[in-house]
Amino acid sequence: MLTIRENLLETMKGGNPDRFVKQYEFIDLIMEVPLGVEFNYGQTWKDHWGITWQWPEGQLGMFPVHHDGLAVIQDITEWKKTVTKPVIETSDEAWAPALAHANAVDRKEKFATVFYAPGIFEMTHHLMGMENALMALYEEPEAMQELIDYLTEYELEFAAVMVDKLHPEAILHHDDWGSQISSFVSPDMFEEFFLPAYKKIYKFYKDNGVELIIHHSDSYAANLVPYMIEAGIDIWQGVMNTNNIPELVEKYGEKITFMGGLHSGTVDYPSWEKDVVKKQVEETCKANGHKYFIPCQTSGLPIENFEGVIDYIDECIDEMSKELF
Amino acid sequence: MSKIEDVKVLVETGKSKKVAAAVQEALDAGDKAQDILDAMIASMGVVGDKFSAGEIFVPEMLIAAKAMSKGVEVLKPVMAGDGSSSLGTCIMGTVAGDLHDIGKNLVVMMLESAGFDMVDLGVDVSADKFVDAVKENNNVVLVACSGLLTTTMPALKEAVQTIKAAYPGMKVIVGGAPVTQEYANEIGADGYAPDAGSSASKAKEIICA
Ligand code: B12
């Protein structure tokens, strides 16, 4: 039997895996990275960029707030007045928990994987609201370009510290690029504004020993796959069924692996049912095969909202491996 | 090319800085305000269709809607008091527990461009708030509810049923990524549209039914 790591690599090169890769099994995720991202249930707070967040009680997650003058950028042409890069933690104390975790990873089986969020596109809308961010790409392209360069610079500075401290083998990097049925921006616009930023960022990681670039976007983004490849993404995590996954595998599999096929909303819900989950796992495994494809719920972390789903999905994938290998 | 044609092209391509002047020129050239408005509504229809077809994306739609609103500003004083062009008031919001608003905002823009007077209640709107808004506003003909989380689909159901209980004849349209036509039928909504582009024609169809 192949190790988890070998099995993944076989899957990614379209070789001979001996079973399906089970969701996130190949990564050991180092969430202790001092990103400065906070999760404060039931509270309202400002983060290190000055973005106001709210996580109302009883709700599933947190939200950036932009009304009542709270957006960090009120006027994109004047972003320099209100946007300042946060200070990056460099002390050994701040990185100690992450380092301890990195050192404890069983690298024979798993990839020591750092977590990074939010991505460049998400940062633009967290700073000024989605509508303003999207319209600014048309109305003030130069200012947007400058802002994106500045955000990219910050990411690269953070990456340099992170690589130096932890020597990660993989990165799970979030940036949601679309809704369920379309990308947020056109491929042309993506190529102009976001591709150059990601080429720089992912090249830096690759040049510094990071073997696997896993990019999360749980959305439609089939129209962006050529740019994902150009940016150096090895695995697109979050691919939804609204993309034609078999076609993507066929067309691009040799260059990028697709991880998803199980929409978290339809498997991970209050009082989820085994039959429903099992059927979806069967469908996705059968439809997409075991080359260049990893069955996984689309959410960007190996965490469930409702107890037991992740283990049950794994169980169903095991059954599919028995049946199909 | 006629002045009205200029306006149409400017709206479709989202040239918000140039539309106002073009509308003024059309008025000066003797075009009727109502005709100019109808032309802009038609342009937004084209924009909506292109969005539904995946030919354009959210930014293109946003700037087109913004361009139209700049044009409407010029027409407003000319058309003041002339309520004939309105399709009636539509109350819209994202349902309780749900804070996503990008999709809802696009639908608000499309319905507004189609001729509805929109009252946007924002996000996390309880069923009772929808009912209050129907009570407090004039000439409400439609309530539109958006829900993006599978976990808030019950809130969508509650909203529809509470509105229907309070105002049995009120038309309700629902949408949002996890919503389907079947689900809309199941919870007793009058209509559903999969995207902002098709929401306007669906909304008009419902209120005429
Ligand atoms: C952007 C986004 C966010 C942004 C939202 C910013 C904002 N201002 O809205 C941020 C980052 C803040 C966010 C937060 C959260 N999100 Co969110 N988010 C998304 C994302 C990536 C895109 C949604 C979107 O804006 N689409 C773009 C618009 C244009 O499309 P749309 O909303 O579908 O709307 C169109 C149609 O549906 C239709 N429509 C919409 N409403 C209506 C209404 C009517 C009447 C009609 C006719 C039509 C209609 O027209 C619109 C235009 O065409 C989706 C993933 C996805 N792939 O969809 C997740 C997603 C919806 N979020 C999700 C979650 C879980 C959350 C959080 C809980 C945080 C978290 N743990 O990730 C919080 C939510 C807190 C809360 N209580 O609401 C999940 C929901 C899963 C589920 N169980 O259903 C998704 C699916 C991601 C995932 N797979 O995990 N999110």
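Residue numbers (the working numbering), protein chains in the order written: chain A, 1 to 325; chain B, 326 to 534.
The beta carbon of each residue, even a glycine, is placed where N, CA and C say it ideally should be.
Remember, it's a predicted structure, so these values are computed and weren't measured experimentally.
Taking the alpha-carbon positions, what's the Ala480/B to Lys489/B distance?
-> The sequence position of residue 480/B within the second sequence is 155, counting from 1. The sequence position of residue 489/B within the second sequence is 164, counting from 1. Computed Cα separation, rounded: 14 Å.
Is there at least one non-hydrogen atom of ligand 1 closer than 7 Å to the beta-carbon of Phe63/A?
-> Numbered from 1 along the first sequence, position 63 holds the residue referred to as residue 63/A. Checking the Cβ of Phe63/A against ligand 1 gives yes.
Which residues, in order along the region 181-193 of chain A, keep a beta-carbon less than 8 Å from a beta-carbon of chain B?
-> With the criterion set as a beta carbon lying under 8 Å from some beta carbon of chain B, the members of the region 181-193 of chain A are Ile181, Ser182, Ser183, Phe184, Val185, Ser186, Met189, in sequence order.
Does Thr600/B get closer than 8 Å to chain A when you measure Cβ to Cβ?
-> Not covered by the structure: residue 600/B. The range shown for chain B is 326 to 534.
Can you give the Cα-Cα distance for Val450/B and Ala525/B, rounded to whole angstroms?
-> Along the second sequence, read from residue 1 onward, the residue named residue 450/B stands at position 125. Along the second sequence, read from residue 1 onward, the residue named residue 525/B stands at position 200. Those two C-alpha atoms are separated by around 22 Å.
Can you find a heavy atom of ligand 1 that lies under 7 Å from the Cβ of His67/A?
-> Taking the first sequence and counting its residues from 1, one reaches residue 67/A at position 67. It does not: the Cβ of His67/A is nowhere closer than 7 Å to a heavy atom of ligand 1.
Please go through the same chain and pick out, in chain order, the residues whose beta-carbon is closer than 7 Å to the beta-carbon of Lys255/A, but skip the five residues on each side of it.
-> The count along the first sequence starts at 1 and reaches residue 255/A at position 255. The residues are Ile229.
Interface positions of the region 241-273 of chain A facing chain B (Cβ-Cβ less than 8 Å), listed along the chain = Gly265, Thr266, Tyr269, Pro270
On the three-state DSSP scale, how would you describe Trp53/A?
-> As a first step, residue 53/A must be located in the first sequence, where it is residue number 53. In the structure shown, Trp53/A sits in a strand (DSSP, three-state: E or B).
Rounded to the nearest angstrom, how far is the Cβ of Phe382/B from that of Ser186/A, given a contact under 8 Å?
-> Translated into positions along the second sequence, residue 382/B becomes position 57. Translated into positions along the first sequence, residue 186/A becomes position 186. About 5 Å; that satisfies the 8 Å criterion.
Measure the C-alpha to C-alpha separation of Leu314/B and Asn305/A and round it to an integer number of angstroms.
-> No answer is possible for residue 314/B: it lies beyond the span of chain B, which begins at 326 and ends at 534.
Ignoring anything shorter than 4 residues or poking outside the region 426-458 of chain B, list the alpha helix (DSSP H) runs there in chain order.
-> Runs found: 427-439.
Could you name the residues that DSSP lists as bridge partners for Ala550/B?
-> Outside the shown range of chain B, which is 326 to 534, sits residue 550/B, and nothing can be said about it.
Per-residue contacts from Lys391/B into chain A (C-beta, under 8 Å) = Sequence index remark: in the second sequence, residue 391/B carries index 66 (1-based). Those within 8 Å of Lys391/B in chain A are Met135.
Regarding Pro295/A and ligand 1, is the C-beta to nearest heavy atom distance less than 7 Å?
-> Numbered from 1 along the first sequence, position 295 holds the residue referred to as residue 295/A. It does not: the Cβ of Pro295/A is nowhere closer than 7 Å to a heavy atom of ligand 1.
Mind listing the chain B neighbours of Lys217/A? Cutoff is C-beta to C-beta under 9 Å, in chain order.
-> Taking the first residue of the first sequence as 1, we reach residue 217/A at position 217. Strictly speaking, residue 217/A in this sequence is Ser, with Lys absent from that position. Within 9 Å Cβ-Cβ: nothing; Ser217/A doesn't reach chain B, min ~15 Å.
Starting from Lys46/A, follow the beta strand (DSSP E) in both directions and report where the run begins and ends.
-> For the purposes of this step, residue 46/A is taken as residue 46 along the first sequence, with counting starting at 1. Run containing Lys46/A: 44-46, per the beta strand (DSSP E) assignment.
Select from the region 490-503 of chain B all residues with a C-beta closer than 8 Å to any C-beta belonging to chain A, and list them in chain order.
-> Ala502, Pro503
Is the shortest distance between the beta-carbon of Pro384/B and the beta-carbons of chain A less than 8 Å?
-> As a working note, residue 384/B is residue 59 in the second sequence. Under the 8 Å criterion on CB atoms, Pro384/B is classed as interfacial with respect to chain A.
Roughly how many angstroms separate the alpha carbons of Pro34/A and Asn464/B, rounded to a whole number?
-> Working through the first sequence from its first residue, we reach residue 34/A at position 34. Working through the second sequence from its first residue, we reach residue 464/B at position 139. Inter-residue distance for Pro34/A and Asn464/B is about 54 Å (C-alpha atoms, whole angstroms).
Determine the DSSP secondary structure at Asp28/A, reduced to helix, strand or coil.
-> Position 28 of the first sequence, counted from the first residue, corresponds to residue 28/A. Strand.
Sheet register partners of Gln237/A (DSSP bridge) | Taking the first residue of the first sequence as 1, we reach residue 237/A at position 237. For Gln237/A, which the question treats as bridged, DSSP gives the partners His216/A, Met259/A.
Looking at the structure shown, is Ala136/A part of a helix, part of a strand, or coil, going by DSSP?
-> Reading the first sequence from its first residue, position 136 is the one you call residue 136/A. Correct three-state label for Ala136/A: helix.
Quick one: does Gly339/B have its CB under 8 Å from some CB of chain A?
-> Counting from 1 along the second sequence, the entry for residue 339/B is found at position 14. Yes, contact with chain A.
Compare the beta carbon distance of Val433/B and Asp445/B with 8 Å and say whether it is the shorter of the two.
-> What you label residue 433/B is simply residue 108 of the second sequence in a count that begins at 1. What you label residue 445/B is simply residue 120 of the second sequence in a count that begins at 1. Against a cut-off of 8 Å, the Cβ pair of Asp445/B and Val433/B comes out as a contact.
What span of residues does the beta strand (DSSP E) with Ala469/B cover, start to end?
-> Taking the second sequence and counting its residues from 1, one reaches residue 469/B at position 144. Its beta strand (DSSP E) spans residues 465-471.
Quick one: grab the DSSP three-state call for Leu172/A.
-> Taking the first sequence and counting its residues from 1, the one referred to as residue 172/A is at position 172. Three-state DSSP puts Leu172/A in a strand.
Quick one: which residues of the region 115-136 of chain A get their C-beta closer than 8 Å to a C-beta of chain B? List them in chain order.
-> Met130, Glu131, Leu134, Met135
Identify the contact partners of Asp520/B in chain A, using a Cβ-Cβ distance below 8 Å as the criterion.
-> For this step, residue 520/B is matched to residue 195 along the second sequence. Ile181, listed in chain order.
Quick one: what does DSSP say Lys291/A is sitting in, helix, strand or coil?
-> As a first step, residue 291/A is located in the first sequence; it is residue number 291 there, counting from the start. Three-state DSSP puts Lys291/A in coil, outside helix and strand.
Along chain B, in chain order, which residues have C-beta atoms closer than 7 Å to that of Leu60/A?
-> Position 60 of the first sequence, counting from 1, holds the residue named residue 60/A. The answer, in chain order, is Leu474, Thr476.
Local conformation of Gly418/B per DSSP, three classes = Counting from 1 along the second sequence, the entry for residue 418/B is found at position 93. Looking at Gly418/B - three-state DSSP - the assignment turns out to be strand.
Which class does Val497/B belong to by DSSP, given the choice of helix, strand or coil?
-> Stepping through the second sequence from its first residue, residue 497/B is reached at position 172. If DSSP states are grouped into helix, strand and coil, Val497/B belongs with the strands.
Per-residue burial, Arg19/A [other beta carbons within 10 Å of its own, 16 or more giving buried] | Taking the first residue of the first sequence as position 1, residue 19/A is located at position 19. Arg19/A comes out buried.
When you compare only the Cα positions, how much space is there between Met333/A and Ala231/A?
-> For chain A, the structure presents residues 1 to 325; residue 333/A sits outside this window and is missing.
Counting only beta-carbon atoms, is Ile512/B nearer than 8 Å to chain A?
-> Within the second sequence, residue 512/B is the residue found at index 187, counting from 1. Chain A contact via Cβ: absent.
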